[in-house]
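To keep things clear, I will list the structure first and then write my remarks on it.
There are 4 protein chains.
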Amino acid sequence: MSFNSFGRVFRFTTWGESHGPALGVVVDGCPPGLKLREEDIQTFLDKRKPGGSKFVTQRKEPDRVKILSGVFEDDRTDGPRTTGTPISLMIENVDQRSKDYSDIRDKYRPGHADIAYDAKYGIRDYRGGGRSSARETAARVAAGAVAELALQSILGADFSIRACLVQMGEHKIDRGNFDWGVIEDNPFWCPDPEAAKAWETHLDTARKAGSSMGAVVEVVASGVPAGLGAPVYGKLDADLASAMMSINAAKGVEIGAGFEAAQLSGEENADEIRIKNGSPHYLSNRAGGVLGGISTGQDIVARFAVKPTSSILTPRRTVNAQGEETEIVTRGRHDPCVGIRGVPVGAAMMALVLADHVMLHRAQCG
Amino acid sequence: MSFNSFGRVFRFTTWGESHGPALGVVVDGCPPGLKLREEDIQTFLDKRKPGGSKFVTQRKEPDRVKILSGVFEDDRTDGPRTTGTPISLMIENVDQRSKDYSDIRDKYRPGHADIAYDAKYGIRDYRGGGRSSARETAARVAAGAVAELALQSILGADFSIRACLVQMGEHKIDRGNFDWGVIEDNPFWCPDPEAAKAWETHLDTARKAGSSMGAVVEVVASGVPAGLGAPVYGKLDADLASAMMSINAAKGVEIGAGFEAAQLSGEENADEIRIKNGSPHYLSNRAGGVLGGISTGQDIVARFAVKPTSSILTPRRTVNAQGEETEIVTRGRHDPCVGIRGVPVGAAMMALVLADHVMLHRAQCG
Amino acid sequence: MSFNSFGRVFRFTTWGESHGPALGVVVDGCPPGLKLREEDIQTFLDKRKPGGSKFVTQRKEPDRVKILSGVFEDDRTDGPRTTGTPISLMIENVDQRSKDYSDIRDKYRPGHADIAYDAKYGIRDYRGGGRSSARETAARVAAGAVAELALQSILGADFSIRACLVQMGEHKIDRGNFDWGVIEDNPFWCPDPEAAKAWETHLDTARKAGSSMGAVVEVVASGVPAGLGAPVYGKLDADLASAMMSINAAKGVEIGAGFEAAQLSGEENADEIRIKNGSPHYLSNRAGGVLGGISTGQDIVARFAVKPTSSILTPRRTVNAQGEETEIVTRGRHDPCVGIRGVPVGAAMMALVLADHVMLHRAQCG
Amino acid sequence: MSFNSFGRVFRFTTWGESHGPALGVVVDGCPPGLKLREEDIQTFLDKRKPGGSKFVTQRKEPDRVKILSGVFEDDRTDGPRTTGTPISLMIENVDQRSKDYSDIRDKYRPGHADIAYDAKYGIRDYRGGGRSSARETAARVAAGAVAELALQSILGADFSIRACLVQMGEHKIDRGNFDWGVIEDNPFWCPDPEAAKAWETHLDTARKAGSSMGAVVEVVASGVPAGLGAPVYGKLDADLASAMMSINAAKGVEIGAGFEAAQLSGEENADEIRIKNGSPHYLSNRAGGVLGGISTGQDIVARFAVKPTSSILTPRRTVNAQGEETEIVTRGRHDPCVGIRGVPVGAAMMALVLADHVMLHRAQCG
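Protein chains in written order, with the working numbering: chain D, 1 to 366; chain R, 1 to 366; chain Z, 1 to 366; chain X, 1 to 366.
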């Protein structure tokens with residue numbers, strides 16, 4: 001993966017800044033003949049859209065996607081279909097609030113990429129973080145929608161990707177309560193209704209205090225066939241690690257038992273296998289569906305840690321571009337827990353990695 | 001990264017199986033004029049070499065590296081120097097013990113890649129795990145040696161990469177005891193002498209019981225300039241995540257505070273900045289030296305979780321290639337804690353990622 | 001190069017069809033701090049713009065470029081400057097004449113990509129050739145403008161890229177008349193005023209007969225330092241060959257003496273070297289500025305053959321999508337000699353290859 | 001393609017110098033289950049082997065290939081089969097004649113890469129040209145053998161690649177005499193027995209005069225299905241152009257009618273289509289089997305021009321590394337017409353490009 005492109009045969013390239021006229025993505029290598037309408041992509045974008053509750057940024061962006069190329073409709077195609085050529089998707093920025101950015105322009109916000117971008121490029125679009133803003137993830141979600149639709153078309157009805165929040169701050173869900181059916185019933189994509197209630201209180205407290213909270217996102221892909229992954233440097237889990245770590249504010253990634261695996265014995269860790277309906281059936285899934293970098297047919301389980309939003313109201317010590325010590329308070333419309341909106345982004349990255357690997361696999365193995 | 005190659009401008013490709021005649025690596029894109037002798041690489045390989053203590057596999061492999069190309073010496077070059085052309089390194093396998101592999105040939109070892117490779121390729125070199133064996137990491141370490149020497153040459157004396165084991169099983173080191181100076185004084189690369197003693201007992205117990213333990217490896221790069229990293233899909237931390245997760249038995253990767261960051265408040269997490277000696281000086285390093293995917297000049301800190309060795313003496317339920325249920329006991333010469341030998345491998349991957357990014361950065365930014 | 005992307009560290013990705021709403025390009029990896037305004041790019045596009053004379057298509061496209069990202073201006077930057085992040089450029093299609101495409105929809109135009117796209121994808125945007133249309137080259141020219149500006153900034157005033165038409169049909173220029181100063185004085189970018197006059201007659205005759213003519217384009221880069229090129233599969237001339245051959249209607253590429261080199265003796269072919277002003281000075285340039293895939297400091301000279309436009313008024317035998325034999329006449333607004341508009345496209349591809357190699361070279365060699 | 005690697009999903013990386021201990025190639029992404037023995041590859045290498053007649057270099061290299069990885073045999077596999085993991089192939093250098101290289105060390109041979117390598121890297125293995133030597137092509141031919149076997153396995157018996165010499169110096173074959181059956185009956189891979197006789201005289205004259213001759217190689221792939229190629233920067237013909245131009249001494253590449261297409265009218269050039277046996281049947285093949293960068297099902301026809309060997313006995317003016325003017329005579333065992341041995345190399349590159357595209361196509365289009 002290189003610069004602003006990701007993937008090998010199913011590949012996408014994103015562009016755009018937080019406060020530029022638009023942002024977008026070019027999806028290249030998509031299979032031809034796939035039904036694809038703007039509203040199919042919009043459904044995915046709406047999940048990531050800001051402004052949905054008091055727990056996410058109040059910036060109002062409709063995030064309306066336009067398909068500019070790569071799709072064609074005539075009376076033989078039964079609706080717009082992909083042509084196999086690049087699919088260009090664009091989302092216009094609407095609510096770039098006119099405000100004074102002089103503070104960010106000169107002072108580096110701790111925990112943000114400001115100082116790093118200046119060190120690298122010597123210049124930076126400081127409006128809302130420019131290219132380093134999490135608004136870039138809208139483009140990933142749009143690309144991920146195409147990837148997921150392609151996967152559904154290739155892998156069929158058993159295939160699905162689901163994502164949720166399994167930890168907010170130090171508060172983890174109770175795995176005994178886990179229910180995918182409830183994740184849309186609370187503003188956190190939380191699969192544990194009890195935890196969701198508690199989180200509401202915790203996050204409200206943090207929000208009112210001008211503080212912020214971290215979180216852990218879990219992404220699960222089901223119905224993925226065994227055999228995906230390209231050892232040894234294109235391992236499925238290595239690609240997932242890269243994909244998830246590239247998401248804004250991510251600080252850790254794990255597969256299956258993840259860091260907990262370090263604490264298990266060999267007996268506890270290795271998933272035993274039986275036969276069920278004529279196929280291998282694993283008695284547990286500590287591996288997270290990946291062995292030796294290749295999918296086993298079990299659920300692919302990835303998790304990533306999201307740090308607390310660095311934009312907070314508490315004054316923080318920092319320096320400015322002139323090399324002087326100063327303080328900063330980051331006002332603006334920020335997510336008190338950016339991990340929440342990371343949920344659909346994680347799902348998108350899972351789809352994008354899998355689409356690439358499904359296609360890589362059939363390239364080599366037919 | 002793709003198949004068996006890693007990197008963009010400093011790139012390497014590994015090949016070879018556990019029980020084939022040899023394994024090796026081709027390093028491409030190395031800067032010319034770098035002093036490079038076989039013994040310079042050998043020093044790194046000797047750290048990873050099997051057979052060093054009772055806590056690692058008893059397979060006796062000298063892991064003697066040969067340079068087959070890419071280096072030239074005449075009376076003007078003051079010893080062998082890289083020419084900028086591909087550096088081919090080969091390590092012959094010596095101690096492929098002649099044994100009966102019929103058990104592995106037919107039965108899938110739980111926790112191993114056997115079943116996944118068969119699902120993908122329909123054929124597999126089952127001798128010692130074939131391509132999925134951790135012997136492949138010898139090739140990475142050889143490539144990593146070249147990368148580290150190139151980095152030392154470019155970045156100078158302040159640059160270093162160090163790695164250690166910070167957790168074995170559930171036993172973490174005491175950070176108060178941390179001392180890089182002692183890691184070679186114990187067989188675990190442990191920076192806490194107290195912990196090292198305790199681990200000896202724990203691991204001996206596990207080993208004698210025919211069991212195994214997991215571990216967590218920490219890798220730290222110092223003296224890395226600010227500005228490395230290629231947002232947004234070639235972020236320095238995303239590449240480190242891919243690099244570390246590609247190591248055999250790795251199940252999780254984190255940068256800086258990592259998963260703990262999810263539990264911190266915004267105030268605790270974002271590293272404040274002051275000026276020291278005219279340069280930005282951070283009051284903490286929760287970021288692990290990376291903001292927005294770009295290095296900040298702080299130490300780069302990466303950690304990865306290694307699962308317990310899956311080759312254990314306890315009988316485990318599994319299936320065979322004929323689709324029948326059976327049991328397996330994995331005899332052979334295995335590491336009771338494969339994380340130990342993962343330490344120099346993690347250091348090598350850090351060097352390889354950084355070498356690529358140092359060169360990518362000067363490509364774009366001069 | 002892969003699918004719709006070209007380049008390694010200076011890379012671009014194009015998208016769009018002849019009759020879609022727009023087409024565009026994302027340029028990634030551009031050095032930061034480069035002055036870049038829309039009008040700087042427009043200058044290059046205007047050279048390729050259709051509708052300039054009776055010898056090119058009468059389609060009226062203003063080809064007005066918009067910069068959507070990657071450039072930032074504030075009071076410190078002295079005009080818009082590149083930020084090192086992706087530069088998204090868009091050109092809206094304006095004059096997609098509403099016409100009946102049913103002929104092209106069902107019948108394959110000989111010499112066109114219609115039948116090949118259908119064989120590959122099973123679907124195709126047939127309006128004006130869709131993705132296979134030479135309108136895609138507008139995106140290359142826009143990207144090439146950025147590349148050329150980057151090269152001028154890095155290589156300085158001695159650097160230039162010039163392109164011209166050296167042959168139309170069987171009529172070659174007289175090299176004795178070669179004058180770069182006159183190429184904008186005729187509608188053919190012809191450096192030989194005598195030839196230009198003759199071509200006018202030849203092409204007018206062909207045009208009125210509903211026929212078309214082929215051509216040969218020559219592209220020359222001067223002021224390119226010695227040392228660019230990445231042997232052995234990223235050779236400068238191999239990349240130029242790929243770049244030029246990817247241009248619509250190109251059927252051959254040559255460097256320096258090219259195919260004529262096959263007829264020379266070793267004595268005639270190898271350029272002898274003397275010293276001039278303290279530097280190597282070549283007594284001829286049969287090599288076209290490239291030896292062993294690496295630039296020598298001489299002018300880089302590339303040439304490509306463009307086949308005659310396949311859209312002609314003469315009825316041609318063909319088949320349709322139903323597998324039946326039929327005939328076709330291609331009406332519409334076509335270039336009688338598409339090689340003319342290939343001139344600025346060739347120059348753009350030269351700039352794009354060189355920008356990538358300048359950056360690749362400093363990646364490896366500092 | 002980048003540095004010393006070529007291909008995307010069927011990829012290979014070569015290494016080694018003319019006078020190092022060995023040279024080799026790592027083939028990555030090969031389909032699993034393919035029968036592959038050393039002798040299968042050796043057959044291809046033997047065609048390129050030096051020392052076969054007085055018309056090629058008298059260096060005696062057995063070019064014996066060893067398979068070091070990626071192939072496995074047990075009693076179930078019916079001979080060695082590829083496992084889908086990297087295939088490492090090595091050829092040891094045997095006849096590196098001990099000679100005094102001080103002349104080449106200090107003086108730059110006109111027409112050779114000496115001066116360019118020094119300009120780029122500041123160091124170079126000057127023995128026999130080092131990395132820039134055409135001995136590198138042995139590695140390509142070995143990789144090409146694997147590619148061709150993979151293609152035969154996927155495409156079946158109708159698929160073939162053939163190559164020949166169609167021009168030596170200014171002497172072209174008579175197309176009326178073209179007969180693939182005779183190319184092994186003369187030392188030139190010449191398909192025209194009459195021309196072969198004349199060439200013998202011409203080349204003998206040149207050889208005795210210490211001079212050399214250029215040539216044109218033609219490569220034809222038959223039985224290639226329609227639909228291969230990845231527009232617009234991974235076009236099949238663009239990849240072939242890059243592949244052929246990367247061969248030592250190549251100065252031009254053309255597809256189908258090539259440069260002659262520039263002289264044709266639109267009517268003459270565009271291949272008309274009829275139906276034969278229910279499939280499209282072209283009445284000519286000026287396109288060389290490629291339209292819009294995609295194969296049409298016709299024969300793929302590529303041609304490349306090879307310059308005369310630059311190592312000649314005539315004294316040539318040149319400069320040395322100290323920047324002084326001098327003269328050089330290149331003694332040694334050189335090919336009087338290096339194009340002859342380019343014939344199997346061209347065939348190998350065709351196979352390598354097609355293998356990549358067959359696999360890329362099934363990645364995207366299933």
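Even glycine gets a Cβ: it sits at the ideal position worked out from N, Cα and C.
From a predicted model like this one, the values you see are computed outputs, not experimental measurements.
{"Item": "Would you mind telling me which residues of chain X sit closer than 7 Å to D/M359, beta carbon to beta carbon, in chain order?", "Value": "A363, Q364"}
{"Item": "Are at least three pairs of beta-carbons, each pair with one atom in the region 229-238 of chain Z and one in the region 306-319 of chain Z, less than 8 Å apart?", "Value": "no"}
{"Item": "Can you check DSSP and say which residues form a bridge with Z/Y282?", "Value": "Z/I273"}
{"Item": "Taking Cβ-Cβ distances shorter than 7 Å, what residues in chain R pair up with Z/V146?", "Value": "In chain order: nothing, as chain R lies at least about 13 Å away."}
{"Item": "Could you give the distance in angstroms between the alpha-carbon of X/A270 and the alpha-carbon of X/A287?", "Value": "7 Å"}
{"Item": "Any beta carbon of chain Z sitting closer than 7 Å to that of R/G214?", "Value": "no"}
{"Item": "Kindly provide the ranges of any beta strand (DSSP E) runs that are 3 or more residues long and lie completely inside the region 115-179 of chain R, ordered along the chain.", "Value": "160-168"}
{"Item": "I want to see whether chain R comes within less than 7 Å of X/I91, judged by CB atoms only; does it?", "Value": "no"}
{"Item": "In whole angstroms, give me the CA-to-CA distance for D/S18 and D/Y117.", "Value": "15 Å"}
{"Item": "Taking C-beta pairs closer than 8 Å, name the residues in chain X that Z/S88 reaches, listed in chain order.", "Value": "Going along chain X, no residue has its Cβ under 8 Å from Z/S88, so there is no contact; the nearest lies around 18 Å."}
{"Item": "Does the CB of Z/P31 have a neighbour CB from chain R at under 7 Å?", "Value": "yes"}
{"Item": "Which chain X residues are close to R/V26, counting only those with a beta carbon under 8 Å from its beta carbon?", "Value": "N4, T13, W15, V26"}
{"Item": "For D/N4, which residues from the same chain have a beta carbon less than 7 Å from its beta carbon, with the 5 sequence-adjacent residues on both sides left out?", "Value": "T13, T14, W15"}
{"Item": "Please state if the CB of X/I255 and the CB of X/G342 are separated by a distance shorter than 7 Å.", "Value": "no"}
{"Item": "Report buried or exposed for D/S53, applying the criterion of at least 16 other Cβ atoms within 10 angstroms of its Cβ.", "Value": "exposed"}
{"Item": "Quick one: residues in its chain with C-beta nearer than 8 Å to the C-beta of R/Q322, no 5 flanking neighbours on either side, listed in chain order?", "Value": "D106"}
{"Item": "I'd like the list of long-range same chain contacts for X/P31, defined as Cβ closer than 6 Å, with 5 residues on each side in sequence excluded.", "Value": "A150"}
{"Item": "Below 8 Å between beta carbons is the criterion; list the residues of the region 127-146 of chain Z that meet it against any residue of chain D, in chain order.", "Value": "G130, R131"}
{"Item": "Let me know the secondary structure DSSP gives R/E39 once reduced to three states.", "Value": "helix"}
{"Item": "Can you tell me the Cα-Cα spacing of R/L354 and Z/L360, whole angstroms?", "Value": "17 Å"}
{"Item": "Just checking, does the region 151-166 of chain R make contact with the region 178-194 of chain R on the three C-beta pairs under 8 Å criterion?", "Value": "yes"}
{"Item": "Would you report the Cα separation of D/E184 and D/K47, rounded to the nearest angstrom?", "Value": "10 Å"}
{"Item": "Do we get a CB-CB distance below 7 Å when we pair D/L68 with the residues of chain Z?", "Value": "yes"}
{"Item": "Are any of the Cβ atoms in chain D nearer than 7 Å to that of Z/I247?", "Value": "no"}
{"Item": "According to DSSP, is R/T205 part of a helix, a strand, or is it coil?", "Value": "helix"}
{"Item": "Check the Cβ of R/T446 against every Cβ in chain X and list those closer than 9 Å, keeping chain order.", "Value": "As displayed, chain R neither begins before 1 nor continues past 366, which places residue 446 of chain R out of reach and without an answer."}
{"Item": "Quick one: residues in its chain with C-beta nearer than 6 Å to the C-beta of D/D125, no 5 flanking neighbours on either side, listed in chain order?", "Value": "E17"}
{"Item": "At a Cβ threshold of 7 Å, is R/D271 touching chain D?", "Value": "yes"}
{"Item": "Given this structure, state the Cα-to-Cα distance separating R/T201 from R/F44, to the nearest angstrom.", "Value": "28 Å"}
{"Item": "Closest Cβ-Cβ distance between Z/R81 and chain D: below 7 Å?", "Value": "yes"}
{"Item": "Hey, would you say D/G252 sits closer than 7 Å to R/F259, going by beta carbons?", "Value": "yes"}
{"Item": "For D/S265, which of helix, strand or coil comes out of DSSP?", "Value": "strand"}
{"Item": "Between X/D367 and X/V220, which are expected to be in contact by the criterion C-beta below 8 Å, what is the C-beta distance as a whole number of angstroms?", "Value": "Nothing about residue 367 of chain X can be read from this structure; chain X reaches only from 1 to 366."}
{"Item": "Please compile the residues from chain D whose C-beta is within a distance smaller than 7 Å of the C-beta of Z/A22.", "Value": "L68"}
{"Item": "List the residues of chain X that R/G84 touches, going by C-beta distances under 9 Å, in chain order.", "Value": "Y117, K120, Y121, G122, I123, R124, R131"}
{"Item": "Going by alpha carbons, who is nearest to D/S153 out of D/W199, D/G332, D/K35, D/P193?", "Value": "D/K35"}
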